[in-house]
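Chemist: Following this message is one structure expressed as structure tokens.
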Amino acid sequence: MARHLITSAIPYINGIKHLGNLVGSQLPADLFARFQRARGNEVMFVCATDEHGTPAELAAAKAGKPVDVFCAEMHQVQANIARRFGLSFDHFGRSSSPQNHRLTQHFAGKLAENGLIAEVSERQVYSNADGRFLPDRYIEGTCPNCGYDKARGDQCENCTKQLDPTDLIEPRSAISGSTDLEVRETKHLYLRQSALRQELSEWIDSKTDWPILTTSIAKKWLNDGEGLQDRGITRDLDWGVPVKKGDQPWPGMEGKVFYVWFDAPIEYIAATAEWADANGKPADEWRRWWRLDEGAGDVRYTQFMGKDNVPFHTLSFPATIIGSGEPWKLVDYIKSFNYLTYDGGQFSTSQGRGVFQDQALSILPADYWRWWLLSHAPEGSDSEFTWENFQQSVNKDLADVLGNFVSRITKFCRSKFGETIPEGGSYGPEEQALVQALTTRIRAYEGFMEAMEVRKAANELRAIWVLGNEYLQSAAPWSTFKTDPEKAAMQVRLGLNLIRLYAVLSQPFIPFAADSMLAAMRTDDRAWPDDVSAALDTLPAGHAFDVPEVLFAKITDEQRDEWQERFKGARA
RNA sequence: GGGCCUGUAGCUCAAUGGUCAGAGCAGGGCGCUCAUAACGCCUUGGUUGGGGGUUCGAGUCCCUCCGGGCCUACCA
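Right, dumping it as structure tokens:
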């Protein structure tokens, strides 16, 4: 039995995410996790909220709440949304957990022991009015290059010139607008990634099967300019993991915390530890997923993320792990995604453009979104959400092809044989051909799922559904019933068994509908169809079932128009 | 500016350098009547963004131009 460790990029805490965040990491990760479990493999699927950093502090302040309270609340909100989308995390943790504090401090201590931490004294902008150091992009002013008056300290959005905050004319805090700024000396820890460049480079070069999107971004950072640069891993903030060297104080670093991007990936490990603690399991239960010397030798580790996360997962986090000198599990495969765009533009949290996760769930069941998003996953390039496409795809694939199949066969059986699987008859050539066609397509489906070819897997699954309609059309039990009721009984029995088969195969994509289908067939047999012929004998003659409610109601033109209007911008 | 990705049917996408560039949707025709006016079969539709080159052979490799997107290290 294979063992799969699966992590999804951890969503930031500062608000409810839009659909792009869902399709870029959590949803495909869930698809893969569900598939591997369905195949009988052992799976550890973890995710968490990413809770540290300046934006979290500012969002909390805006909400008028202490940051820890704000994060605890938002964690619950996000956990609830994730549950309602059917995201099957074994644990949904928090990067602010005590487990992550300990592990982050542990890694920093090991890196320091190995000479991979440098203490650097630098000058940063401090805002007296805000009482905090300001990250470059939180400083605004007039661009010295083009005169644009809302240039940010890292770059001018108008002329795209790279800037240093001290270049700005009349700089002010982007938070309060205060011009009472000063440059202060402050000391920070840097992770000496440059010292690990060769090792990282060879490691990346060995990953020849990774998506181009993943490796090209990594190589750019490794080779651009002077090569991989060291990265500051501490910040002058109140909220975060206090800087410590293992469990010891770090002289000179009092009052500082680790940089969010240092502790966030470590949360993958910590979330697994949180899982063990939450379930009353001893530490070796989680360590067997992460420590090569404690049982993780046969684990395959797959990460899912949007392309913006790639540098941290291909370089910074591996540098942390390799640099620790300890046998922690490195990622085996990184599946990265492009962006989902909304009606020709970007989803925008600030402008309320596009559909947010809570809104999506408030208008349609999760499976509608799961199906559309996964079958249109932005694998090769960015993909676009439009209401027309969404309505068309969902109505056709889910309502017409799958839902109507379930409806027509169950209702036909009820009217001719009652709500019990009918007896009699045996397979002819048509049924043999169907089994053969199903087998071919199911094997292809497995291959695509194994390879995380999400769109291709969706296409194949849809083609499997279509086979059911093709069979019914040519078998025509409504005709055979008139001349040969036994044959019609066999055809109907096969059709009803297809519903269970489809539920099992479709469950990674549309888990809620799959559950409804199994419930209607009054079975909980989720055995994977390694033998298709046997799988179609699962429900025997005499087995009672229910005609289910409409599985997928269609999206009407009126609904589509209303939603299009409602979500075009300026969130209520 | 630099780097990377991308451009294939009206739309969304496929195609280890090798038959006539294929699917789904949309459009058109026919069939069926079990079904959510659903399903099935057939079918229209292409100078693969433009131009040049390498090759026996290019959607695929090279050069160049045009369009779209992303990244560029203190947002995460």
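Using full-length UniProt numbering, the letters of the first sequence map in sequence onto residues 1 to 572. Ideal Cβ placement from N, Cα and C applies to all residues, glycine included.
If we ignore side chains and look at the alpha-carbon of each, how far apart do A218 and V183 end up?
Modeler: 33 Å
Chemist: Below 8 Å on the Cβ atoms is my guess for F567 versus D367; work out the distance and round it to an integer in Å.
Modeler: Rounded, the Cβ-Cβ distance is 20 Å, inconsistent with contact.
Chemist: Between the region 121–138 and the region 307–315, can you find at least three pairs of beta-carbon atoms closer than 8 Å?
Modeler: no
Chemist: Tell me, please, whether the region 415–424 touches the region 467–476 by the rule of three or more beta-carbon pairs shorter than 8 Å.
Modeler: no
Chemist: With L181 as the anchor, note down where its beta strand (DSSP E) starts and where it stops.
Modeler: Element bounds for L181: 181–191.
Chemist: Excluding the 5 residues preceding and the 5 following L539 in the sequence, name in chain order all residues of the same chain whose CB lies nearer than 7 Å to its CB.
Modeler: I421, L496, N497, R500, M521, T523
Chemist: Between which two residues does the alpha helix (DSSP H) carrying R370 extend?
Modeler: That run of the alpha helix (DSSP H) goes 366–375.
Chemist: Suppose the cutoff is 7 Å on Cβ atoms and the five residues either side in sequence are ignored; what does the same chain contact list for K487 look like?
Modeler: So the list reads G425, T480, once near-sequence residues are dropped.
Chemist: Return the chain-ordered ranges of every beta strand (DSSP E) run that is complete within the region 77–135 and spans a minimum of 3 residues.
Modeler: Whole beta strand (DSSP E) segments, 3+ residues: 91–94, 117–127.
Chemist: Are the CB atoms of N128 and D205 nearer to each other than 8 Å?
Modeler: no
Chemist: Count the other CB atoms, across all protein chains shown, that sit within 10 Å of the CB of P165; report buried if there are 16 or more and exposed otherwise.
Modeler: buried
Chemist: Quick one: using the 10 Å Cβ neighbour count with 16 as the cut-off for buried, is P477 buried or exposed?
Modeler: buried
Chemist: Using a threshold of 8 Å, state whether the C-beta atoms of L31 and L398 are closer than that.
Modeler: No, the Cβ-Cβ distance between L31 and L398 is not below 8 Å.
Chemist: What residues are listed by DSSP as bridge partners for M44?
Modeler: L5
Chemist: Quick one: grab the DSSP three-state call for W203.
Modeler: helix
Chemist: Helix or strand or just coil, what does DSSP make of A553?
Modeler: coil
Chemist: For the candidate residues I175, A444, E388, V69, whose alpha-carbon lies nearest to that of L134?
Modeler: I175
Chemist: Return the first residue and the last residue of the beta strand (DSSP E) that Y471 is part of.
Modeler: Premise fails: Y471 lies in the alpha helix (DSSP H), 454–475, not in any beta strand (DSSP E).
Chemist: Report buried or exposed for P66, applying the criterion of at least 16 other Cβ atoms within 10 angstroms of its Cβ.
Modeler: exposed
Chemist: On the CB-based measure, 16 or more other CB atoms within 10 Å of its CB, does D263 come out buried or exposed?
Modeler: Buried, because 16 or more other Cβ atoms sit within 10 Å of the Cβ of D263.
Chemist: Take R231 and list the residues in its own chain whose beta-carbon comes closer than 7 Å to its own, dropping the five residues that flank it on each side.
Modeler: Y190, L191, Q193, S316
Chemist: Say yes only if the C-beta of S178 is nearer than 7 Å to one or more non-hydrogen atoms of the ligand MN, and no if none qualify.
Modeler: In the structure shown, the ligand MN is absent, as is every other ligand, since no ligand is present at all.
Chemist: If we count the other Cβ atoms within 10 Å of its Cβ and call it buried at 16 or more, is K245 buried or exposed?
Modeler: buried
Chemist: Applying the 10 Å Cβ sphere with the 16-neighbour rule, what's the burial state of A572?
Modeler: At A572, the pLDDT of 37 sits below 50, so the modelled position is not reliable and the matter cannot be decided from this model.
Chemist: Helix, strand or coil for W290? Go by DSSP, reduced to three states.
Modeler: helix
Chemist: In angstroms with no decimal places, state the Cα-to-Cα distance between S88 and D149.
Modeler: Here the C-alpha atom of S88 lies approximately 47 Å from the C-alpha atom of D149.
Chemist: So, do the region 259–278 and the region 40–57 have three or more beta carbon pairs nearer to each other than 8 Å?
Modeler: yes
Chemist: Measure the C-alpha to C-alpha separation of E379 and E549 and round it to an integer number of angstroms.
Modeler: Straight through space, the alpha carbons of E549 and E379 are spaced by roughly 34 Å.
Chemist: Assess contact between the region 295–305 and the region 343–360, defined as three or more Cβ pairs (one per stretch) separated by less than 8 Å. Is contact present?
Modeler: no
Chemist: Using a threshold of 8 Å, state whether the C-beta atoms of I16 and D515 are closer than that.
Modeler: no
Chemist: Buried or exposed: which applies to E57, given that a residue is buried once 16 or more other Cβ atoms fall within 10 Å of its Cβ?
Modeler: The residue is buried, with at least 16 neighbouring Cβ atoms inside 10 Å.
Chemist: May I ask you to report which of helix, strand or coil DSSP gives R571?
Modeler: For R571, the predicted model reports a pLDDT of 43, less than 50, meaning its position is unreliable; a value from the coordinates is still stated below. Three-state result, R571: coil.
Chemist: I want to know whether the region 551–564 touches the region 402–421 - three or more CB-CB distances under 8 Å.
Modeler: yes
Chemist: Could you spell out where the alpha helix (DSSP H) holding K65 opens and where it closes?
Modeler: Per DSSP, K65 belongs to no alpha helix (DSSP H) and is neither H nor E.
Chemist: Verify whether the separation of the beta carbon atoms of R370 and G40 is less than 8 Å.
Modeler: It is not a contact, given that the beta carbons lie outside the stated cut-off.
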